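Structure first, commentary second.
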Amino acid sequence: MTFFEAINFDILKKSFQNPIFATMINPFTDEYFMKKALQEAEMAFEKGEIPVGAIIVVADKVIARSHNLTELLNDVTAHAEMQSITAAANFLGGKYLKDCTLYVTLEPCQMCAGALYWSQISKIVFGARDEQRGFINMGTKLHPKTTVVSGVMANEAADLMKRFFLERRK
1 MTFFEAINFD ILKKSFQNPI FATMINPFTD EYFMKKALQE AEMAFEKGEI
51 PVGAIIVVAD KVIARSHNLT ELLNDVTAHA EMQSITAAAN FLGGKYLKDC
101 TLYVTLEPCQ MCAGALYWSQ ISKIVFGARD EQRGFINMGT KLHPKTTVVS
151 GVMANEAADL MKRFFLERRK
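This is the structure in structure tokens:
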């Protein structure tokens, strides 16, 4: 983060703490950011990748975005979450994502949940559940300070996955 970006974050935080702005509605909702993650998932779909998209946000600013790249990179670890974690850490200049939120269209798998644990990310918001490989059913624990919100735009995320696999089976 540059000096000027740090100043802008401070100004942004202080402006929302001002009582004058207390009654204003913050347009940056979980749905707003999930739409951006869904745009990433659409890009994956167009490339023939499993359509999962992810973004990482700090202080209402997108600092990382990616989608699955496992086919393109021939790398089983190139999940959207893993790519976004790396990009966010590089942007911030450190490996911990304590003030960050991950928005991802599909519940993270065990591998991604492990990486998210080690990153100490503050919040994870996901769309559709992954009943077979998701971290919840696998019993994977996240960092104790990480909060999880599930089901944000779940239907849209699930529909994209269904459409992808239906087209692959033609």
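Mapping the sequence shown onto full-length UniProt numbering, position 113 (from 1) lands on 113, and the numbers just tick up by one. Every residue gets a Cβ at the ideal spot worked out from N, C-alpha and C, and that includes glycine. Values in this document were obtained by computation on a predicted structure and should not be read as measured data.
Identity of the residue in Thr146, Pro51, Thr29 and Leu116 nearest Glu156 by Cα: Pro51
Does DSSP put Glu156 in a helix, in a strand, or in coil? helix
Since Gln83 and Leu69 are thought to touch, with beta carbons under 8 Å apart, how far apart are those beta carbons, to the nearest angstrom? 6 Å
Kindly identify the DSSP beta-bridge partner or partners of Cys109. Gly134
DSSP on Lys35, reduced to helix/strand/coil? helix
So Cys100 and Ile56 are in contact, right, with Cβ under 8 Å, and what is the actual spacing, rounded? At roughly 5 Å, the Cβ-Cβ gap stays under 8 Å, so Cys100 and Ile56 are in contact.
What residue range does the alpha helix (DSSP H) around Ser66 cover? Note, Ser66: premise wrong, no alpha helix (DSSP H); beta strand (DSSP E) at Lys61 to His67.
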